[in-house]
Structure formats: C-alpha cells, structure tokens
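First the structure, in the form of structure tokens, and then the observations on it.
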Amino acid sequence: MTERLQEDKPIFQQIAEMVETNIVEGELVANDKIPSTNEFAKHYQINPATAAKGINLLVDQEIIFKKRGIGMFVSENAKEIVLHKRKERFYDQYVKPMLQEASRIELTTEQLTEWIKEDYQNGN
Amino acid sequence: MEIKTTNLQKAYRKNYAIQDFTLDLEGEKIIGLLGKNGAGKTTFMRMLAGHFQPTNGQLTINGQTPFNHYDVTKNICLVMESNNFNNKFRVKDILEISAKFYPNWDHEYAERLRQVFRLKEKQKIKTLSKGMYSALGIIVGLSSHAPITIFDEPYIGLDASFRSTFYDLLLESYQKNPRLIILSTHLIDEVSNLFEEVVIMQEGKLLLHDTVDHLASKHLVLSGNKEKIDQLTNGLDILHQSSMLGQKTVVLYDELVEETDGVDVSKSTLQELFVYLTKEEVNTHA
Amino acid sequence: MLEQTKLHLYYYWKTSWTTILTFWGIYIFFIALMFIAAFYGSNGSIMMTGVNIAPGLIFSLFFGIFSFKDTFPYVIELGLDRYSFILSSFISIILYTVAMTSISQIVLHTVDYLINLFSLENFEFSGLEIATTDATSTSSIVLYEGLLYLLFFSFSILLGSVFFRFGLKIGFTVIAIFPIMMIIQPIAHKVLDALKYIAIGHELYTPFAFFVPYGVIAILLYVIVYNASAVGNN
Chain A
1 MTERLQEDKP
11 IFQQIAEMVE
21 TNIVEGELVA
31 NDKIPSTNEF
41 AKHYQINPAT
51 AAKGINLLVD
61 QEIIFKKRGI
71 GMFVSENAKE
81 IVLHKRKERF
91 YDQYVKPMLQ
101 EASRIELTTE
111 QLTEWIKEDY
121 QNGN
Chain B
125 MEIKTTNLQK
135 AYRKNYAIQD
145 FTLDLEGEKI
155 IGLLGKNGAG
165 KTTFMRMLAG
175 HFQPTNGQLT
185 INGQTPFNHY
195 DVTKNICLVM
205 ESNNFNNKFR
215 VKDILEISAK
225 FYPNWDHEYA
235 ERLRQVFRLK
245 EKQKIKTLSK
255 GMYSALGIIV
265 GLSSHAPITI
275 FDEPYIGLDA
285 SFRSTFYDLL
295 LESYQKNPRL
305 IILSTHLIDE
315 VSNLFEEVVI
325 MQEGKLLLHD
335 TVDHLASKHL
345 VLSGNKEKID
355 QLTNGLDILH
365 QSSMLGQKTV
375 VLYDELVEET
385 DGVDVSKSTL
395 QELFVYLTKE
405 EVNTHA
Chain C
411 MLEQTKLHLY
421 YYWKTSWTTI
431 LTFWGIYIFF
441 IALMFIAAFY
451 GSNGSIMMTG
461 VNIAPGLIFS
471 LFFGIFSFKD
481 TFPYVIELGL
491 DRYSFILSSF
501 ISIILYTVAM
511 TSISQIVLHT
521 VDYLINLFSL
531 ENFEFSGLEI
541 ATTDATSTSS
551 IVLYEGLLYL
561 LFFSFSILLG
571 SVFFRFGLKI
581 GFTVIAIFPI
591 MMIIQPIAHK
601 VLDALKYIAI
611 GHELYTPFAF
621 FVPYGVIAIL
631 LYVIVYNASA
641 VGNN
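Chains as they are written, first to last, in the working numbering: chain A, 1 to 124; chain B, 125 to 410; chain C, 411 to 644.
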C-alpha cells in the first residue's frame with residue numbers, strides 16, 4: 001500500500017477505499033489479514049482514531065471482520081460487496097462528470113460512444 | 125484527564141492575553157491547538173502547566189487548579205519553543221533531571237530517541253543548535269509519558285526530515301502510551317492528519333473546538349458558474365469566496381445546500397479552513 | 411512534600427556543586443600561591459588575616475542571586491509547587507551553610523598545620539578569632555561563621571527573588587536602600603546599634619540576635635515566592 005493520501009477527501013474514506021481497491025484487484029483475498037489500525041496510522045502519519053474510522057466503515061459493510069485479539073480479515077464475499085457498491089456508484093462518479101465535460105466541449109454522442117467501444121474492447 | 129476552563133482570563137498589566145476562554149478537553153487524544161501569533165496559545169498552555177495564575181475565571185485539571193498543586197502538575201509535561209532547559213547543563217544532565225521529575229519517565233526510550241536525533245550526551249545545552257535544542261525538548265516530551273503532554277511549537281530549527289521523524293515518534297508514543305497530547309503549531313498542513321480534535325483560538329478567545337472529522341464534514345467548498353453559485357448560496361453565511369472569469373468558489377461552514385448540476389463540491393484542507401477563519405482581509409484603498 | 415523536597419535538593423545540587431567547587435578551587439589555589447611565595451621568598455611577610463571567611467561571604471552574597479534564577483523557574487516548570495520550593499530553599503540554605511563552614515574550617519586548619527610543619531614565620535593565616543577576646547571559645551567562633559554564611563546566603567537568595575519577580579529596576583533600588591540608610595544619620599545610628607548585637611566580640615553580642623534578620627528574610631521570601639510566576643520580570 002504505497003498510494004498517497006489526497007487532500008480533498010476525508011482520510012478515513014481514503015483508507016477504506018484503498019483496502020477495497022486491493023480487494024477488487026485481488027491483492028487481498030478472503031481471509032487475508034489486513035494491517036492494523038496502528039499500522040495504518042504509522043504508515044500514513046495519521047491519527048489512529050481516523051484509521052479506525054476507515055476500518056470500521058469496512059466492518060460495517062461486512063467487507064472485513066474482526067477476530068478479537070488477532071486482527072482484521074477480509075470476509076468471504078468481500079469482493080462481491082465491493083464490486084456491487086462500486087458499480088452502483090460508477091455512473092455518478094465517472095459517467096456523469098464525463099458527460100458534463102463532453103457537452104461543455106461539444107463532443108458528439110457518436111464520437112463519445114465510438115471511443116468507449118474501441119478502448120473498452122481493447123481491454124482498457 | 126479532564127481539562128476545564130470557564131471564562132478564563134489572563135492579563136499582563138492591562139493587556140488581555142486570554143479573555144472569556146471557555147473550553148473542555150478530555151480523554152486520550154491528540155489535540156491541535158491553533159491560532160495566529162498572539163492568540164493566547166502559549167499563555168493558555170503555561171497556565172495549564174501551573175507556570176502562573178489566571179487573572180480571573182476557572183482552570184481545572186481533573187477538578188483541581190494546577191497552580192501550586194503538585195498532584196496535578198507532576199502529570200503535565202510542557203515543552204516550549206525555548207527556555208525549557210538551564211543552559212548550564214549538558215544533554216545528559218537534562219535527561220537525568222527529567223528522569224527524576226517525571227514519574228512515568230521511560231529511560232530506554234529516551235536513550236533511543238537521543239540516538240535517533242543524534243544528540244551527544246556530553247554536549248552543553250548552550251552549544252546546541254536551535255534544531256538540536258528542539259530535538260531535546262521533543263525527547264523529553266515523548267519520554268515523559270506524562271498523562272498530559274503539551275508541545276508548543278516544538279520544532280523550531282528542525283528540518284523537514286526530522287519533523288517527519290517527530291510525527292512518526294509522536295504517533296508511536298501515543299499508541300504505546302495513549303494520553304492527552306496537545307500540539308500547538310503553525311505548520312498545520314504537515315500535522316493536520318495527526319489530530320483527532322482541533323481547538324482554534326483567536327484574540328484570547330475560543331473560536332472553534334471540534335473533531336477534525338466533524339470539521340471536514342461541516343464545511344463545503346462549492347465552485348462553478350458565478351451566477352449558479354450566487355443563486356445557490358444566496359442568504360447563506362459565507363466563510364470565504366473568490367471569483368475569476370465567471371467562475372466562483374465559495375466556502376460554507378455549517379450550511380446545507382442542495383446538490384446542483386454544474387456545481388462542483390469539494391473539501392478544503394485544515395490549513396485553508398484555518399486561514400479562512402482567522403485571516404484579516406487587507407483592504408487596499410485606491 | 412517530602413518527595414518534592416528531595417527533587418528540589420537534587421536540582422539544587424545539580425546546579426550548584428560545580429560553582430561552589432570552582433570557588434573553593436580558586437580560593438585554595440590562591441592560598442597555595444601565597445604559601446609558596448612565603449616559603450621561597452623569606453624577605454617580607456605575607457599576612458592573610460581574617461580572610462578565611464571574607465571571600466566565602468562575598469561569594470555567598472552573589473551566589474544566591476544567581477542560584478535563585480537558576481533553580482526557581484526550572485523546578486516550577488518541572489512541576490514542583492512554590493510552597494515546597496520555599497521549604498526546600500530553607501533546607502538548602504542550611505546545608506549550604508554547613509558545607510561552607512566545614513570547608514572553611516578544614517582549609518583554615520590545614521593551612522595552620524602546614525605553617526607549623528614548614529615552620530613558616532612570614533606567613534599568617536587566621537580566622538575570625540582575631541576579632542574576639544581570648545575568652546571566646548572556638549565552637550562559638552565556628553558557630554558565628556555559620557551564622558554569617560546563613561545570613562549572607564539567605565539574603566542573597568532573597569535578593570535573587572526580588573530581581574526575578576520585580577525586575578532589575580526594583581532589585582537595584584532595594585540594594586541602593588542600604589547605602590542610603592547609612593547616609594541618613596539617625597537611621598545609621600540605629601542600624602549600627604542593632605549591628606552590635608550580631609557583632610562577635612561586642613559585649614551586646616548574642617547568637618540569638620540573628621533570628622531577627624533570618625525571620626525577616628524568611629517572611630519576605632515566602633511573600634515574594636508563594637504565588638510568583640515561573641516567568642521572570644526582565
């Protein structure tokens with residue numbers, strides 16, 4: 001986890017998203033142990049309470065689970081949960097701003113869809 | 125540990141350094157104490173440590189005033205910008221003295237930190253550079269394990285690399301030994317992520333006391349087309365605004381707005397918020 | 411209180427031992443030089459009369475001023491309260507007195523011993539006994555020496571507290587009061603009369619008279635220090 005923190009987003013959210021990304025990309029799989037609150041705090045130089053808040057966000061969504069006294073682990077269907085959530089958000093987060101910018105610079109719908117088809121099929 | 129002040133006042137002759145200052149702090153947290161120069165931060169911290177009495181009002185720690193109460197003050201370690209140590213001594217003496225005076229002193233940790241900051245035992249305080257003097261203060265503050273540990277701008281003369289080391293150590297020390305840590309600083313960008321709560325003082329008064337999370341969620345930065353923004357924020361309390369080329373950016377605090385197309389919503393850093401909250405506008409006259 | 415007193419005495423010891431040692435080092439070195447000069451140069455005689463205590467008293471008169479500034483703000487910042495500071499100051503003044511008197515006596519007797527050993531006739535080194543009659547016992551002379559150290563050092567610490575709390579202007583004003591008092595005749599007479607009670611060799615002398623200045627100093631020190639800020643007035 002070497003991603004850097006950004007400034008315009010709450011830190012705890014970024015911590016949660018970082019773990020989620022790792023799960024989606026397969027870096028972390030079910031039953032893998034994730035770093036402790038203190039390790040997160042130390043690595044990113046952040047308050048442990050902030051790190052804990054990010055972790056708890058994941059626990060609440062059952063993406064990870066706590067084993068008392070041992071640590072925190074990726075849950076069995078973590079990947080599905082994250083994928084589901086991210087797909088739901090995809091339109092708002094990526095499509096909508098893209099379309100806004102497209103209309104601002106007067107791109108045609110045809111041009112836009114063509115690009116998407118080409119690149120998406122090429123595996124990007 | 126619970127710190128409570130009620131209508132606290134401190135006057136130097138007729139100048140008030142602190143006025144009507146009411147604040148409650150409790151728990152084991154890292155708290156940022158922010159404020160412009162002359163806002164009264166140092167005066168407040170020194171009163172906390174029992175260095176002098178308030179002119180008026182109450183200041184208690186766990187229900188007891190710190191002034192002339194050893195039971196309270198022995199649990200406090202205040203590291204200031206300067207004048208922490210008698211110049212007569214050597215590094216070794218300061219560590220020995222601190223070991224005796226702070227009941228929870230961790231000798232091995234202090235020794236480790238001394239090596240991290242490359243301080244020589246035999247070196248005289250008088251001959252320490254500003255940065256090394258600050259480093260010694262940091263070593264004492266962290267190793268004291270005092271239930272209330274206070275740092276007042278503890279890094280004068282320390283380079284960015286050693287400052288980063290300090291932040292690492294502060295977190296490590298806090299995790300090993302959770303306690304109330306108050307850090308007063310001007311380098312907000314560097315340390316804002318370390319804080320759980322922030323207290324902002326202005327002209328001797330409390331301007332704001334909140335958790336960093338809350339502060340982040342309570343404010344909004346809106347930017348977009350000037351007309352749209354103006355329409356949206358009409359009648360709202362605007363913390364800061366700037367416009368350029370038909371685009372406008374507005375910072376709102378404690379206000380709600382509807383989500384609108386074409387208006388970008390984002391967040392400021394703590395440093396920016398601090399500046400918006402405390403900056404005096406310069407009025408240029410034609 | 412006991413815990414705090416121990417800490418204070420420790421801090422006091424840390425700040426003062428090198429200074430005290432340096433003083434005695436220089437002083438003894440000076441005596442040794444004179445001694446050697448007398449030993450080799452047989453023409454002319456060297457008299458060091460009554461001086462065994464004078465340098466020590468002058469040293470005490472200044473040392474207290476610096477000692478206050480060197481301890482008070484730091485021990486307060488380290489968490490001690492002012493009451494224990496005052497109590498510990500009294501204890502450290504007494505310890506200082508005992509140490510200074512002892513060293514002074516040891517030096518005096520060692521030098522006397524060496525004079526006899528080398529049978530030097532052109533070197534004299536004597537203590538306070540020359541100001542007294544033969545009837546005064548050695549123990550009361552030693553006691554007197556101690557009483558003087560105590561007076562000078564505690565007065566100096568009091569001055570130190572005045573300088574620290576009220577600043578240079580008021581500090582020097584307080585010091586200036588003494589010579590001014592001696593200019594005004596009626597007051598000067600009274601002061602001189604009062605001094606008779608603490609002047610060994612005078613018929614009015616009694617060691618108990620010292621309790622008057624001690625008491626005044628103790629009360630003033632308490633009043634100045636018990637609610638003093640750790641920040642000095644510069």
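The beta-carbon is built from N, C-alpha and C at its ideal position, and this holds for glycine as well.
Here the structure is a predicted model, which means the values were calculated and not measured.
query                                                                                                                                                                                             : result
I'd like the list of long-range same chain contacts for B/Asp378, defined as Cβ closer than 7 angstroms, with 5 residues on each side in sequence excluded.                                       : Lys342
Select from the region 467-491 of chain C all residues with a C-beta closer than 9 angstroms to any C-beta belonging to chain B, and list them in chain order.                                    : Asp480, Thr481, Pro483, Tyr484, Val485, Ile486, Glu487, Leu488, Gly489, Leu490 and Asp491
I believe A/Gly54 touches A/Phe12 by the beta-carbon criterion, under 8 angstroms. Please report the beta-carbon distance rounded to the nearest angstrom.                                        : 4 angstroms
Which same chain residues, not among the five before or five after C/Val601, have their C-beta less than 8 angstroms away from its C-beta?                                                        : Met591 and Met592
Enumerated in chain order, which unbroken segments of the alpha helix (DSSP H) with a length of 4 residues or greater are wholly contained in the region 36-69 of chain A?                        : 37-44 and 48-60
With 16 other CB atoms within 10 Å as the buried threshold, where does B/Arg430 fall?                                                                                                             : The structure shown has nothing for residue 430 of chain B, since chain B only spans 125 to 410.
Leaving out five residues on either side along the sequence, give the residues of the same chain with a beta carbon under 7 angstroms from the beta carbon of B/Tyr298.                           : Ile154 and Ile305
Does chain C have any CB closer than 8 angstroms to the CB of B/Phe241?                                                                                                                           : no
Where are the alpha helix (DSSP H) runs, 4 residues long or more, that stay fully inside the region 524-603 of chain C, in chain order?                                                           : 548-593
In terms of residue numbering, what span does the alpha helix (DSSP H) encompassing B/Leu260 cover?                                                                                               : Lys254 to Ser268
B/Asp411 bridges to which residues according to DSSP?                                                                                                                                             : Since the first residue shown for chain B is 125 and the last is 410, residue 411 of chain B is missing from the structure and cannot be characterised.
Are there three or more Cβ pairs, one per stretch, closer than 8 angstroms when the region 187-201 of chain B is compared with the region 473-489 of chain C?                                     : yes
Out of A/Gln100, A/Gly71 and A/Ser75, which has the shortest C-alpha to C-alpha gap to A/Glu39?                                                                                                   : A/Gly71
Among B/Thr189, B/Lys248, B/Thr289 and B/Asp276, which one has its Cα closest to the Cα of B/Arg236?                                                                                              : B/Thr289
At 9 angstroms on the CB atoms, spell out the chain B contacts of A/Lys117, in chain order.                                                                                                       : Ordered by position in chain B, no residue passes the 9 angstroms Cβ test against A/Lys117, which lies about 26 angstroms from the chain.
DSSP state of B/Val381, grouped into three classes?                                                                                                                                               : coil
Verify the CB distance criterion: does B/Thr393 have a CB-CB separation below 8 angstroms to chain A?                                                                                             : yes
Which residue marks the beginning of the beta strand (DSSP E) containing B/Thr143, and which one marks its end?                                                                                   : The identity of residue 143 of chain B in the sequence shown is Gln, whereas the question assumes Thr. Run containing B/Gln143: Asn139 to Glu150, per the beta strand (DSSP E) assignment.
With DSSP collapsed to three states, give me the class of B/Ser366.                                                                                                                               : strand
Looking at the strands, I want to know which residues DSSP matches up with A/Phe73.                                                                                                               : A/Lys33 and A/Phe65
Any beta-carbon of chain C closer than 8 angstroms to the one on B/Lys274?                                                                                                                        : The sequence shown places Ile at residue 274 of chain B, rather than the Lys named in the question. False, the Cβ-Cβ gap to chain C never drops below 8 angstroms.
For a cutoff of 8 angstroms on Cβ pairs, would you count A/Pro35 as touching chain E?                                                                                                             : In summary, chain E is missing from the structure at hand, where the protein chains are A, B and C.
Quick check: the Cα distance between C/Phe562 and C/Gly611, rounded to an integer number of angstroms?                                                                                            : 19 angstroms
Output needed for A/Met1: all residues of its chain with C-beta closer than 8 angstroms, excluding positions within five of it in sequence on either side, in chain order.                        : Note on A/Met1: pLDDT 47, under 50, position unreliable in the model; no value is reported.
Can you list, in chain order, the residues of its chain whose CB lies under 7 angstroms from that of C/Ser639, leaving out five sequence neighbours each side?                                    : none
Could you name the residues of the region 177-192 of chain B whose beta carbon sits closer than 7 angstroms to any beta carbon of chain C, in the order they occur along the chain?               : Gln177 and Asn192
Counting along the chain, where does the beta strand (DSSP E) carrying B/Gly156 start and finish?                                                                                                 : Ile154 to Gly159
Helix, strand or coil for B/His231 per DSSP?                                                                                                                                                      : helix
Alpha carbons only, please: which of C/Val572, C/Gly451, C/Ile629 and C/Ala509 is nearest the one belonging to C/Leu530?                                                                          : C/Gly451
Run through DSSP, which three-state label would B/Asn317 get?                                                                                                                                     : helix
Under the three-state reduction of DSSP, which class applies to B/Gly348: helix, strand or coil?                                                                                                  : strand
Measure how close the beta-carbons of B/Leu172 and B/Ile274 come, nearest whole angstrom, since I'm counting them as under 8 angstroms.                                                           : 7 angstroms
Assign B/Asp388 to one of three DSSP states: helix, strand, or coil.                                                                                                                              : strand
Three or more beta-carbon pairs under 8 angstroms between the region 324-344 of chain B and the region 390-404 of chain B, yes or no?                                                             : yes
Along chain A, in chain order, which residues have C-beta atoms closer than 7 angstroms to that of B/Tyr291?                                                                                      : Gln45
Please work out which residues of its chain come closer than 8 angstroms, Cβ to Cβ, to C/Phe479, disregarding the five sequence neighbours upstream and downstream, and give them in chain order. : Reading off the sequence, residue 479 of chain C comes out as Lys, not Phe. So the qualifying residues of the chain are Gly570, Phe573, Phe574 and Gly642.
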